[in-house]
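Visitor: Residue 2 in the UniProt record's numbering sits at position 2 of the sequence shown; the count goes up by one each step and never skips. Glycine included, each C-beta is placed from N, C-alpha and C at the ideal position. This one's a predicted model, so the numbers in the text were calculated from it and none came from an experiment.
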Amino acid sequence: MARSTIYTLYMLVIIILTIGVPLTLYYGSNDRTAGFLGAILSFGILASYAFYANLLNRRN
């Protein structure tokens, strides 16, 4: 894949997860499963920063 394609897919995933985490936590605040899912999604956002940097073979 080209760098621009990887970047576009990465940004789409980040946007979806950034919107999805607060919605999951808001609508599922009384449900333990939704809170757990929100925690997993937020960890996924943080892990994606390291994965994306490795994918492009660059370091910040």
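Residues in its own chain within less than 7 Å of Y52 by CB, not counting five upstream and five downstream?
Guide: Here the question's residue 52 lines up with position 52 in the sequence shown. Taken in chain order, the residues that qualify are Y10.
Visitor: Would you mind working out which of S4, L17, T8, I6 sits nearest F43, comparing C-alpha positions?
Guide: Indexing the sequence shown from 1 puts residue 43 at position 43. Out of S4, L17, T8, I6, L17 has the C-alpha closest to the C-alpha of F43.
Visitor: CA-CA distance, V21 and T8?
Guide: For this step, residue 21 is matched to residue 21 along the sequence shown. For this step, residue 8 is matched to residue 8 along the sequence shown. Distance between the alpha carbons of V21 and T8 is about 20 Å.
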